[in-house]
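The sequence shown begins at 2 in my numbering and counts up by one. Structure first, commentary second.
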Amino acid sequence: KKQPMQRYAQININVPIISMFMSGADTKPALRLSRDSLDIFFQMLSHNKSHGWSHEVEVLVTVYWLACGASYRVTADIFDMPLSTICRIVHKTVDNMMTIIHQVIHFPKHEELEV
């Protein structure tokens, strides 16, 4: 008897950080970004994909990894995802973040610096 096909990128809603995000709770304590900032981030980052983990989950994983300074292994445990998936998500999303860095971070011009 054939087993029904399961989605390979199935989110575990019992993971505390995922359930916190899905419930609408404040994200700042865990991710160092407010929900409003995350929503803007979701919009700014490109998300042309037809399969795999959702765009939001990939951004959450990367923001967590950056905000907490966690290792790939710890992040994989926190999100209940394979280590190789975490590495791939983080590298891809950070590369994507680098394309919008100048829209988000503005360094002062020389004239604007205090002497």
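Ideal Cβ placement from N, Cα and C applies to all residues, glycine included.
Is the shortest distance between the beta-carbon of residue i and the beta-carbons of chain D less than 8 Å?
i: Pro30; result: Looking at the structure shown, chain D is missing, and only one protein chain is on hand.
Given residue i, which residues of its chain have a CB within under 7 Å of its CB, disregarding the five upstream and five downstream residues?
i: Val95; result: Thr63
i: Val119; result: Nothing about residue 119 can be reported from this structure: the residues present for the chain run from 2 to 116 only.
For residue i and residue j, I'd like the C-alpha separation in whole angstroms.
i: Arg36; j: Tyr65; result: 13 Å
i: Val91; j: Leu84; result: 11 Å
i: Ile18; j: Lys50; result: 23 Å
i: Leu61; j: Asp27; result: 13 Å
i: Lys29; j: His48; result: 23 Å
i: Ile79; j: Ile12; result: 12 Å
i: Lys110; j: Gly70; result: 30 Å
i: Asp40; j: Cys88; result: 23 Å
i: Thr86; j: Val75; result: 13 Å
Taking residue i as part of the alpha helix (DSSP H), name the residues at either end of that continuous run.
i: Pro17; result: Pro17 to Met23
i: Glu57; result: His56 to Cys69
i: Arg74; result: Tyr73 to Phe80
Are residue i and residue j close, meaning C-beta to C-beta below 8 Å?
i: Ile14; j: Met23; result: yes
i: Ala68; j: Arg33; result: yes
Using a Cβ-Cβ cutoff of less than 8 Å, which residues in the same chain neighbour residue i once the five nearest sequence positions on both sides are dropped?
i: Met45; result: Ile101, Gln104 and Val105
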